[in-house]
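Position 60 of the sequence shown, counting from 1, maps to 70 under the working numbering, and the rest follow consecutively.
This report concerns only the one structure given below.
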Amino acid sequence: MPSNHTLLSTTSPARRTTSLNINSAARRQHLTTSISHGRRYAPVALSAPQPSSFQAPSFHDDPPHQYNNAHHHQHQTHSAQPAKTPAHPKPTSMNRPFSSEHFYHSRVLEQYVSKPVNTITLRQLCFFGRNMTNQKLIRLANYARTELAIRLAHRIHDFQNLPFIVGTNPHIAYVYDLYWQAFDCLRCFPQIDTMDDNEAFCKMLQDTLKDHLVVIPQLALGIVQCAQHISPSQVDRFMNTMLRSRISRRVIAEQHLALTHSHELPHSEEKRDCIGMVNTHCSAIEIVGKCAGLARDHCISTYGHGQPDRWEPPQVVVNGHPDVSFTYIPDHLEYIIYELLMNSMTYTVLRFSPPDSSSPLIPLPPVTVTICSGDSDLIFRVSDQAGGIPSSRSNNLWSYSHAPDGFVNFDKVPRLAASMAEHVDGVLLSPTPHLGIGLPMSKVYAEYWGGELNIISMDGFGTDAYVKIPKLGNRMENLGFQEFEATDPSWGSIPKEGPAGAGWVPNTVSVMVTGGSTSAA
């Protein structure tokens with residue numbers, strides 16, 4: 011192992027009472043005020059604004075073991091601050107989902123459900139986000155306004171197709187009500203023509219993103235309570251669809267918010283390699299080092315037993331192509347790598363640590379991360395010696411319906427973004443309750459941009475987890491349902507390369523995670 015060290019950073023709806031013929035400015039002011047005060051905004055007339063004839067931006071202009079959910083410690087993050095939304099919110103009778111009022115609006119909903127979702131690629135996000143102008147930002151805002159309403163309409167339709175007894179569950183009904191509220195806000199928001207309009211639109215997006223932090227916990231609790239009324243395959247299909255669509259909406263909303271922020275501060279050095287939330291120079295070794303540091307902190311806070319001076323988590327060793335850079339949304343990949351490292355380190359500790367403080371301390375076997383850069387894909391392999399996964403449990407690795415023990419802990423987690431930013435900002439409580447959603451959520455993140463997450467276990471020895479992500483940014487977002495149309499079908503899929511691509515060099519890097527820094531030897 012080379013002796014040189016490179017320092018890596020570890021960073022850690024009040025119905026509307028005004029008439030529908032008010033002018034756009036007044037309507038926009040009423041909407042923004044309603045949202046900012048946290049009130050529900052639910053128009054009651056079917057003659058409300060219809061889907062806009064606005065054309066989306068022309069994205070065609072593109073330039074030439076331990077991993078089973080029954081005992082898997084999925085440590086999701088949540089806010090340590092008191093949540094405004096109660097852990098067990100109940101929809102009011104006026105807004106209860108599946109009510110006659112909502113079915114009265116079904117004709118409005120069907121107009122949006124009949125429209126296809128327009129999928130996008132990372133390359134398109136980057137291309138349209140470059141050289142931002144007021145006009146381009148306004149076009150993007152109108153695209154987001156229309157596309158988000160369409161995507162929400164499809165998910166509301168999915169809720170309506172649930173068995174009645176499931177749809178009336180208070181947790182499921184609460185999420186349905188949130189989606190109706192957001193759908194109404196988006197479809198009734200006037201066309202955006204000025205930067206002031208865009209500012210009001212961004213405020214609505216921010217409030218909606220914040221309000222929807224309760225979605226994952228509420229869905230999970232609802233699934234637990236409805237387990238006898240819906241089959242496991244229905245649960246998995248419903249949850250995967252909801253989570254994929256949730257990621258897609260957050261990408262559109264957060265990309266617009268990030269582009270607006272950078273456009274208002276053009277000379278800011280913050281995230282200079284980013285186009286919105288897309289980083290054009292992601293560093294593989296920095297991502298691994300950052301995730302390793304956070305996983306180390308988790309292990310110490312959970313299993314250190316107040317003796318950090320005589321107890322050390324497993325070392326993380328990186329080999330392969332650690333210096334590769336690529337274009338991606340870092341938060342998506344970091345979420346995956348953190349979950350894999352955290353579980354490998356956790357179960358290595360549980361398997362090899364001494365039973366008490368009087369027992370001699372033995373070195374823990376390392377967790378190895380191999381990075382391979384092929385022509386079109388980048389592969390991360392996370393390997394451990396933590397005992398592997400029993401074959402009787404390996405078939406349920408990706409199932410939400412086989413994680414009831416974890417899902418019940420969501421009553422302690424009222425808000426959850428399922429993002430890496432929560433770990434970095436240090437808002438998690440310690441010890442973090444086992445939620446049982448981390449591994450399935452990681453697979454959703456991996457597959458969203460056309461990648462893969464696979465796990466191979468040697469029962470009794472250890473586990474290898476393989477994460478493959480596309481490097482070229484030309485894979486359409488994988489929504490996993492048949493309601494979309496690709497903006498450029500010719501970009502479909504590209505040939506897959508194996509891990510032993512051209513130029514493979516077995517370099518080895520030892521990631522020494524200590525205190526507040528991470529160094530690579």
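By construction, the Cβ of each residue, glycine as well, lies at the ideal position given by its N, Cα and C atoms.
Taking 8 angstroms as the cut-off, does the segment 289 to 302 touch the segment 328 to 338 (at least 3 CB pairs, one atom from each stretch)? yes
With the cut-off set at 8 angstroms, would you say Lys125 and Ile160 are in Cβ contact? yes
Where the beta strand (DSSP E) containing Thr567 begins and where it ends: No statement about residue 567 is possible, as the shown extent of the chain runs from 11 to 531 and does not include it.
Taking three-plus beta-carbon pairs below 8 angstroms as touching, is the segment 298 to 307 in contact with the segment 336 to 348? yes
Sequence-distant residues of its chain with Cβ nearer than 7 angstroms to Ala154 (five each side left out): Ile262, Ala263 and His266
Check whether Thr358 and Pro373 have beta carbons under 8 angstroms apart: no
Quick check: what's the CA-CA separation for Gly384 versus Tyr410? 32 angstroms
By Cβ distance below 7 angstroms, which residues in the same chain neighbour Phe193 in space, the five residues on each side in sequence not counted? Ala159, Leu162, Ala163 and Ile166
Looking only at its own chain, which residues have a Cβ that is under 8 angstroms from the Cβ of Glu322, when we skip the five neighbours before and after it? Leu374
Just tell me which of Ser241, Thr380 and Phe199 has its CA closest to the CA of Pro173. Ser241
In the DSSP assignment, the alpha helix (DSSP H) including Met311 goes from what residue to what residue? According to the sequence displayed, residue 311 carries Ser and not Met. Looking at the DSSP string, the run of the alpha helix (DSSP H) that includes Ser311 is Ala294 to Tyr313.
Tell me where the alpha helix (DSSP H) around Ile166 begins and ends. Asn144 to Gln170
Bounding residues of the beta strand (DSSP E) (the contiguous stretch that carries Asp474): Gly472 to Pro480
In three-state DSSP terms, what is Val176? helix
When you compare only the Cα positions, how much space is there between Ser467 and Ile381? 19 angstroms
If we count Cβ pairs, one from each stretch, closer than 8 angstroms, do we get three or more for the segment 169 to 188 versus the segment 223 to 230? yes
Looking at the strands, I want to know which residues DSSP matches up with Arg391. Thr380 and Tyr476
Helix, strand or coil: which one does DSSP assign to Thr42? Its pLDDT being 43, under 50, Thr42 is placed unreliably by the model, and nothing is read from it.
Looking only at C-alpha atoms, which of Leu371, Arg260 and Asp387 sits nearest to Lys220? Arg260
At the level of alpha carbons, what is the spacing between Thr356 and Thr270? 40 angstroms
I need the straight-line Cα distance from Pro364 to Thr378, nearest angstrom please. 22 angstroms
DSSP three-state label for Leu463, please. strand
Consult DSSP for Met205 and reduce its assignment to one of helix, strand or coil. helix
Taking the straight line between their C-alpha atoms, what separation do you get for Asn128 and Thr204? 25 angstroms
Just mark Asp168 as buried or exposed, buried being the case when its beta carbon has 16 or more other beta carbons within 10 Å. buried
Who are Phe336's beta bridge partners in DSSP? Cys292
In terms of alpha-carbon separation, which member of Gln121, Leu135, Ser116 and Leu351 lies closest to Trp459? Leu135
Integer-rounded CB distance, given that Ile130 should sit under 8 angstroms from Glu487: 6 angstroms
Assign Gly330 to one of three DSSP states: helix, strand, or coil. strand
CA-CA distance, Arg485 and Leu132? 8 angstroms
Classify Tyr77 as helix, strand or coil using the three-state DSSP reduction. Confidence in Tyr77 is poor, its pLDDT being 41 and thus under 50, which makes the residue's placement unreliable; the coordinate value appears in the next sentence. The answer is coil: DSSP assigns Tyr77 none of H, G, I, E or B.
How would you write the range of the beta strand (DSSP E) that Val127 sits in, first residue to last? Val127 to Thr129
From Arg391 to Ala475, what does the alpha carbon distance come to, in whole angstroms? 5 angstroms
Could you compute how far the alpha carbon of Leu253 sits from the alpha carbon of Asn171? 17 angstroms
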